[in-house]
Amino acid sequence: MDKLSLKGYISRRAFDSGFLLIITVIFNFVLFRIMPGNPALAVLGRTGQVRPEFRQVLQERYGTNLPIFDQFIIYIQRLLEGDLGVSFYYYPTEVSELIFGHRLLNTILLMGISILLSFVLAIIFGTIAASKFKSKTDLVSIFVTLTSYSTPVFWLGMLIIFYFFGQFHLIPLSGSPRIEDPKYADIFAWAIDYGYHLIGPVTTLTISFVGAWFLIARDQMLGIFLEDYITTARAKGLKERRVLFTHARKNAMLPMISVLAMAMTYLVSGATLTETVFSWDGLGLLTFDAVTYSDYPLLQGLFLLVAAVAIVSSFIADIIYAYLDPRIRY
Amino acid sequence: MIMVLLEVKNLSTHFFLKESRVRAVDDVCFTIDQGKTLGVAGESGCGKTTTALSIMRMLPPAGKIVNGEIFLDGVDLLKKSKEEMRKAKWKELSYVFQYAMNAFNPVMTVGEQIAEVIIEKENSKSKSGKKEAWKKVKESFEIVGLDPDRIKNYPHEFSGGMKQRAIIAMAMACDPKLLIADEPVTALDVIVEKKILKLLNEIQSNYNLGIMFITHDLSVIAESCDDVAIMYAGKMVEVGDASTVFHKGAHPYTRMLIRSFPSILGECKRIEPISGIPPDLANPPPGCRFHPRCPLATKECRKDIPPFEPFSTSRHHVACFHAGETIL
């Protein structure tokens, strides 16, 4: 009976997520139509003159001369074919080519490593601080993490560049090495240089993420320590390790799953500020450019990707929730 | 020959707060015989739970046992190392907590939580040992009257009464000699309460289990306990077998406590509350701690602490200078 209700729960969640995705796709279309001006004019206005081949491509691609409903049908049709359109700024490069190339890899690597590192550090430090509630360790770590949490990330990045590049020469200034670069003899040479360039931005992001997550993890653990079932587990004379890691952890993990699910959108949206400071050629920097140059098709593609990742990751989080907590069967 | 199972001698547990020292349990002595139930009664905050937690050595960080000995089957629990005590827990003595509803971890099955303690205490991490443990879980479910097919259920799938039965099953999982039950039926309605009390009595006679039964409900004690201990403000004021204490209670507090409970069968009369409030244990009154509320109090009571001495029989102890005197 339990298995069945779990299946029902997952399929309900899947249905919800699918519905949400459709709404997002529609919203993503509408959002740019109700913006002041229109994309074609924005491009044409910027260049100051009408380039006939450009207008032709625009009309072909978007059917800007067609009624809005027909435009929507075309948009959906193209989307189903995996066609996100052509970028205005990087014309005639396809949006999908711009997003799903080295930039996506750069961002996923940068954000993935930073998120994972911050998450693990936050849980470890949070658990330690909670188990030493109100001790010096606890108070010092709260002070440090609150400071790191409230430090503006671009300023932190600049400080790191100033000291670790400028003063101590420990890290490179900026940039993200590309594997196509002929200066790399083989993939390992590239990987080493890539890792070297990652240090600065990863450190910056980790410092800024860890602060908030540490506080959540600590708070969560503190609450769990006061629970009656922890007292029971201790009364049973179980090993302290089992009390902490079997009885407490599973409960304390629940809110952290939400935190992680929300962080998943960073994985593809990137960190615009950090990527800009370190000239890291990722999706954050691409978004920044797309906004600067009113590159609507590109923005539309980026938005859709971020929204899709948000929906999928919260769907996965819901399933993990159901697995971790048997009480959850909406 | 009745064997003494638990002997608590001159136990004092104090809480060390920032600016004060709360004498929550002060110089308490009592014994529990094998296969018998001692009911511990008293107002909220009189030190019942602190006494129990001292025996389990599970006091909160501010609480310290400053004096005393606790012999379980002749071994002083207070002399055990932390690790020895951890091993003794649940195998020698187990505990049923006040909060039946939250005693189980919500994300683990009930059976899992019983099996884990059997596996830990029997040291049977092997496959066959685990199988054996699960078999025992099933048996324990049968003993407490739960359907053994429900061992894989989660706590939220149980009703309150079922949870309390499961907790008793868990407490009995490793055949302890002593069970400390801290208000085990307070959260239950009277019908379930009666069933649980009956279950405890059955288990006790089948397993020769000593029970320390903590409650503030005298009727529960009258129904299910062999001996009674009355506590007041961290002190033991009267200990004896149930009928002696209920019918020939000698300490004025005991008698006033009994009078403050309504009787269903007795004549219809107004219940008499004990006026006043229990003293602040950070700053207890000198002499007998009950003297500010006691109608029999004299000069002596205000100055000297009354000794805890045998009264009518060798098993009946009272701490009062005026034990047995009539209250007007």
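Residue numbers (my numbering), protein chains in the order written: chain R, 564 to 893; chain D, 597 to 924. Beta carbons: idealized from backbone N, C-alpha and C, even for Gly.
Query: Chain R residues whose Cβ lies nearer than 8 Å to that of K773/D; Result: Near K773/D there are no residues of chain R at all, since even the closest Cβ is about 14 Å away, more than 8 Å.
Query: In chain order, each alpha helix (DSSP H) run of at least 4 residues that lies wholly inside the stretch 862–905 of chain D; Result: 895–899
Query: Anticipated Cβ contact below 8 Å, F700/D with Y792/R, distance rounded; Result: 6 Å
Query: Neighbour list for K721/D in chain R, Cβ cutoff strictly below 9 Å; Result: Going along chain R, no residue has its Cβ under 9 Å from K721/D, so there is no contact; the nearest lies around 12 Å.
Query: Entirely enclosed beta strand (DSSP E) segments - the stretch 681–749 of chain D, minimum 3 residues; Result: 689–692
Query: Closest by C-alpha distance to V600/D, when choosing among F612/D, E679/D, N606/D, F626/D; Result: F626/D
Query: Listed by chain order, chain R residues near R682/D by CB distance under 7 Å; Result: G800
Query: V733/D to A769/D span [Cα, whole Å]; Result: 7 Å
Query: For K595/D, three-class secondary structure by DSSP; Result: Not covered by the structure: residue 595/D. The range shown for chain D is 597 to 924.
Query: is_contact[P818/R, chain D] using C-beta, thresh 7 Å; Result: no
Query: Coarse secondary structure for Y828/D, derived from DSSP in three states; Result: strand
Query: Assigned secondary structure, D579/R (DSSP; H/G/I helix, E/B strand, else coil); Result: helix
Query: Best match in F907/D, D623/D, P881/D, P906/D for proximity to E896/D [C-alpha to C-alpha]; Result: P881/D
Query: Min CB distance E716/D to chain R below 7 Å; Result: yes
Query: One or two residues paired with T633/D in a DSSP bridge; Result: I807/D
Query: Chain-ordered residues of the stretch 698–717 of chain D with a beta carbon less than 9 Å from chain A; Result: Included in the structure are the protein chains R and D, with no chain A among them.
Query: Nearest-angstrom beta carbon gap, T767/R and T837/R [assumed within contact, 8 Å]; Result: 5 Å
Query: Contact set between T700/R and chain D, taken where Cβ atoms lie within less than 7 Å; Result: The contacting residues do not exist; T700/R stays about 16 Å from chain D at best.
Query: The stretch 663–693 of chain D: positions lying closer than 8 Å to chain R by Cβ; Result: M681, R682, K683, A684, K685, W686, K687, S690, Y691, F693
Query: Where L733/R falls, given that 16 or more other Cβ within 10 Å makes a residue buried; Result: exposed
Query: CA-to-CA distance, F754/D to L801/R, given in whole angstroms; Result: 24 Å
Query: Paired residues, beta bridge with H913/D - DSSP; Result: V835/D, P906/D
Query: Euclidean distance between Cα positions of M564/R and I573/R; Result: For M564/R, the predicted model reports a pLDDT of 41, less than 50, meaning its position is unreliable; a value from the coordinates is still stated below. Near 14 Å, if we compare the C-alpha coordinates of I573/R and M564/R.
Query: Cβ of D881/R within 7 Å of any chain D Cβ; Result: no
Query: Other residues of its chain near R761/D: CB distance less than 8 Å, five sequence neighbours each side excluded; Result: V740, G741, L742, I792, L795
Query: CB contact below 7 Å: L613/D versus chain R; Result: no
Query: Distance CB(V824/D)-CB(H913/D) smaller than 7 Å; Result: no
Query: Cβ neighbour criterion (16 or more within 10 Å) applied to R576/R; Result: buried
Query: As assigned by DSSP and simplified to three states, the class of M564/R; Result: With a pLDDT of only 41 at M564/R, under 50, the local geometry of the prediction cannot be trusted, and the value read off the model is given with reservation. Residue state, collapsed to three classes: coil.
Query: CB of N606/D within 7 Å of CB of D623/D, strictly; Result: yes
Query: Contact list for H812/D against chain R, beta-carbon separation under 9 Å; Result: The premise fails here: H812/D is roughly 19 Å from chain R at the closest Cβ pair, so nothing lies under 9 Å.
Query: Beta-carbon proximity of W753/R to V822/R, cut-off 7 Å; Result: no
Query: Per-residue DSSP class, three states only, for S698/R; Result: coil
Query: is_contact[L695/D, chain R] using C-beta, thresh 7 Å; Result: The amino acid occupying residue 695/D in the given sequence is Tyr; Leu does not appear at that position. It does: the Cβ of Y695/D has a partner Cβ on chain R nearer than 7 Å.
Query: Cβ neighbours of K678/D in the same chain (closer than 7 Å, five flanking residues each side left out); Result: none
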